[in-house]
Structure formats: structure tokens, C-alpha cells
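Okay, structure first, notes after.
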Amino acid sequence: METRVREEGPCHVVAIVGSADVNASATLREALLGAVEAGKTRIVCDLSETDFICSDALGVLVRAFLKARARGGFVHLAHPQASVRQVLETTRLDHLFEVFPDVASAIK
Amino acid sequence: MAHCRIDNADASGWTEKVLPTRLEAIRAAERDLLAEVDECGYGEDCHFAVRLAFEESVINAMRHGNRMDPAKRVRLAYRVSPERVEIRVADEGAGFDPASVPDPTADENLRRPCGRGIMLMRSYMDEVTFSPVGNEVHMVKCRTGCGPRR
Numbered sequence: 003m004e005t006r007v008r009e010e011g012p013c014h015v016v017a018i019v020g021s022a023d024v025n026a027s028a029t030l031r032e033a034l035l036g037a038v039e040a041g042k043t044r045i046v047c048d049l050s051e052t053d054f055i056c057s058d059a060l061g062v063l064v065r066a067f068l069k070a071r072a073r074g075g076f077v078h079l080a081h082p083q084a085s086v087r088q089v090l091e092t093t094r095l096d097h098l099f100e101v102f103p104d105v106a107s108a109i110k
Numbered sequence: 070m071a072h073c074r075i076d077n078a079d080a081s082g083w084t085e086k087v088l089p090t091r092l093e094a095i096r097a098a099e100r101d102l103l104a105e106v107d108e109c110g111y112g113e114d115c116h117f118a119v120r121l122a123f124e125e126s127v128i129n130a131m132r133h134g135n136r137m138d139p140a141k142r143v144r145l146a147y148r149v150s151p152e153r154v155e156i157r158v159a160d161e162g163a164g165f166d167p168a169s170v171p172d173p174t175a176d177e178n179l180r181r182p183c184g185r186g187i188m189l190m191r192s193y194m195d196e197v198t199f200s201p202v203g204n205e206v207h208m209v210k211c212r213t214g215c216g217p218r219r
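Chains as they are written, first to last, in the numbering used here: chain D, 3 to 110; chain V, 70 to 219.
Here it is, written out as C-alpha cells:
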């Protein structure tokens, strides 16, 4: 897994590319929690190229969400593939996160 | 029951491996298991389900069972046939009571960063049973119905 970051409008967009498995958690933590700690509290996770997600990676997303919220920001999820969307629905994390069909709508 | 590949398996079709308690060790074992799953012609949904449940079960075994003690091992065994995938994962920990794990989908638990592994295993596999002590899990995925159960 790799992350690609870019600034789009007021948001810090983090594209998670590949498998967000247990071995990717450190990279994900750095990309998301590191960004919040650096003051980027409006984060959009672009999941369009994420083909797998485990509970460890979900935990990183939740931690980033809580940290961003505590600082007045947000973590939105954009464009999850069907398999990842199913995990979000199964865990009911689609009730915690706002999930958008694409990055553009998540930024608005 | 026919098996797709038995070169690493014993006469009953089980492939057994012993992993060190290191998260980096999961990937190679997972790759071998999924190669058999793919070889048996399971679809993407089953591949995803088996991968997710396998990863969650081994993470649990290393983190919660063995408490990342490098002196402890995780024993795993799997058997892939055209009809079903069976996986056993055992750790060297004291065990636990699966019924005591809070429901991570309850509203009050949604903000918890952990505790979703067992629920995902149960959702994506057709059978998940723990040994009486709780330090071994046996999971079955049947070819039919490969999405998560609701």
C-alpha cells in the first residue's frame, strides 16, 4: 500500500492505494494521524484505489476521525470500492463517517 | 472430497504452518492460502472474505493471544477444496471468552478504534467456532454465499 497526498480546496486529500492491511498500518498512521497533528484537520480519504481494508486500518481511520473532530475538522471517505464499502457497512462505520461517491463531493 | 493442490498438504488435505509472532509473517502465509483459494476457482468475494478473516484471526492470535511475545508461535492450518475453505488458527495465550467481546456495531462502540476483528470474521465466514479455552479458532467459508452475512 502507498498513500498519495494532495491539497484540494480546503482539504487534505489522502489517496490510499492498494491494500490497507496490517502491514500498511504504520504508513496509514503516519499519513492520517501525522496530517492531523500537523494541523491538517479537513481530510478526505480517497478510497477509489483501496482494494482491501482490515480492522487495523479501520482503527487508524477512526483515530484520525476522532482527532480531526476534536480539532474542529473532519475525516470524510470518498469513492470506496464495493468490497471496502461492504466492510464499512458491515462494521456500521458508514454511520460514523460521511461516505461520498467521489472526492469532489467530499470536498464541497 | 477433492482438493485442488496437495503438494504442501498432509494426507487429509490440511496444510500446516507455524508462524513466529511477528505481524510481518502474516503476508507470506496469507499469500500461500489465497493462491490455493484462487487455484480452486473461488471468486473475488470469497477471496476477499477469506483474506479478511484469515488476517483478522492471525492478528488476534499474535496481539491478544500471544501478546506479541516473540518467544510464542501461532499454529495455523488450512484446507481448500472446491466446496469450502477451512482455516484453523491457534495461539499460545491463555484464551478468552468470545462472548465477552463488546459488539463493535453498537452505537456506543462505533468510536472505538479496535474490537472489530471477531465481528468481521463472523460476518465474512460461514462458520466461526472457538475452542473451549478460546485460544484456537476454526473457520469455514463455503463456495456459495461469499459476501458478508447480515
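Idealized CB from N, CA, C, for every residue including glycine. Just so you know, these numbers come straight off a predicted model, no measurement behind them.
Hey, residue i and residue j are a contact pair by Cβ (cut 8 Å); roughly how many whole angstroms apart?
| i | j | result |
| --- | --- | --- |
| L98 of chain D | L49 of chain D | Not quite, the Cβ-Cβ distance comes to about 15 Å (not below 8 Å), so this is no contact. |
| V62 of chain D | L34 of chain D | 6 Å |
| E124 of chain V | D23 of chain D | 6 Å |
Using the C-alpha atoms, what's the distance from residue j back to residue i?
| i | j | result |
| --- | --- | --- |
| R8 of chain D | A59 of chain D | 20 Å |
| K210 of chain V | E113 of chain V | 13 Å |
| D96 of chain D | A108 of chain D | 14 Å |
| P182 of chain V | T93 of chain D | 12 Å |
| A122 of chain V | P103 of chain D | 27 Å |
| D138 of chain V | R132 of chain V | 9 Å |
| H72 of chain V | S200 of chain V | With a pLDDT of 49 at H72 of chain V, under the threshold of 50, the modelled position of that residue is not reliable, and the figure given next carries that caveat. Answer to the nearest angstrom: the Cα atoms are 26 Å apart. |
| V111 of chain D | V46 of chain D | Given that chain D is displayed from residue 3 to residue 110, the structure contains no residue 111 of chain D and the question cannot be resolved. |
| R31 of chain D | S81 of chain V | 42 Å |
| S57 of chain D | R212 of chain V | 24 Å |
| R100 of chain V | H116 of chain V | 11 Å |
| V127 of chain V | A94 of chain V | 10 Å |
| V101 of chain D | A26 of chain D | 22 Å |
| K51 of chain D | R87 of chain D | For the record, residue 51 of chain D in the displayed sequence is Glu; it is not Lys. Cα-Cα distance, rounded: 12 Å. |
| M70 of chain V | S150 of chain V | At M70 of chain V the pLDDT is 42, less than 50, meaning the model places this residue with poor confidence and gives no usable figure here. |
| A17 of chain D | H81 of chain D | 10 Å |
| T84 of chain V | N178 of chain V | 37 Å |
| A104 of chain V | P167 of chain V | 30 Å |
| A70 of chain D | V38 of chain D | 6 Å |
| A40 of chain D | M188 of chain V | 33 Å |
| D79 of chain V | C13 of chain D | 54 Å |
| E1 of chain D | A118 of chain V | Here chain D comprises residues numbered 3 to 110, so residue 1 of chain D is not present and cannot be evaluated. |
Take residue i and list the residues in its own chain whose beta-carbon comes closer than 6 Å to its own, dropping the five residues that flank it on each side.
| i | result |
| --- | --- |
| N135 of chain V | T90, K141, D160, E161 and G162 |
| R144 of chain V | V87 and A159 |
| R157 of chain V | A146 and H207 |
| E155 of chain V | R148 and V209 |
| G75 of chain D | T43 and R44 |
| R73 of chain D | T43 |
| F67 of chain D | V77 |
Looking at the C-beta of residue i, does it have a partner C-beta in chain V at a distance below 8 Å?
| i | result |
| --- | --- |
| T93 of chain D | yes |
| R65 of chain D | yes |
| V24 of chain D | yes |
| C13 of chain D | no |
| H97 of chain D | yes |
| L68 of chain D | yes |
| S50 of chain D | no |
Is residue i close to chain D? Criterion is C-beta to C-beta, closer than 8 Å.
| i | result |
| --- | --- |
| F117 of chain V | yes |
| R148 of chain V | no |
| S192 of chain V | yes |
| T213 of chain V | no |
| W83 of chain V | no |
| T174 of chain V | yes |
| E196 of chain V | no |
Apart from the five residues on each side of it in sequence, which residues of its chain come closer than 8 Å, Cβ to Cβ, to residue i?
| i | result |
| --- | --- |
| E4 of chain D | V19, G20 and T29 |
| E196 of chain V | H207, M208 and V209 |
Among the residues of its own chain, which have a CB less than 7 Å from the CB of residue i, if the five just before and after it don't count?
| i | result |
| --- | --- |
| A98 of chain V | K86, L88 and L145 |
| M190 of chain V | A122, E125, S126, V197 and M208 |
| R120 of chain V | E99 and L103 |
| V170 of chain V | G184 and I187 |
Less than 7 Å between the CB of residue i and some heavy atom of the ligand GDP, yes or no?
| i | result |
| --- | --- |
| S57 of chain D | No copy of the ligand GDP appears in this structure; indeed no ligand is present at all. |
At a cut of 8 Å, does the region 169-187 of chain V reach the region 103-111 of chain V through at least three beta carbon pairs? These segments do not touch.
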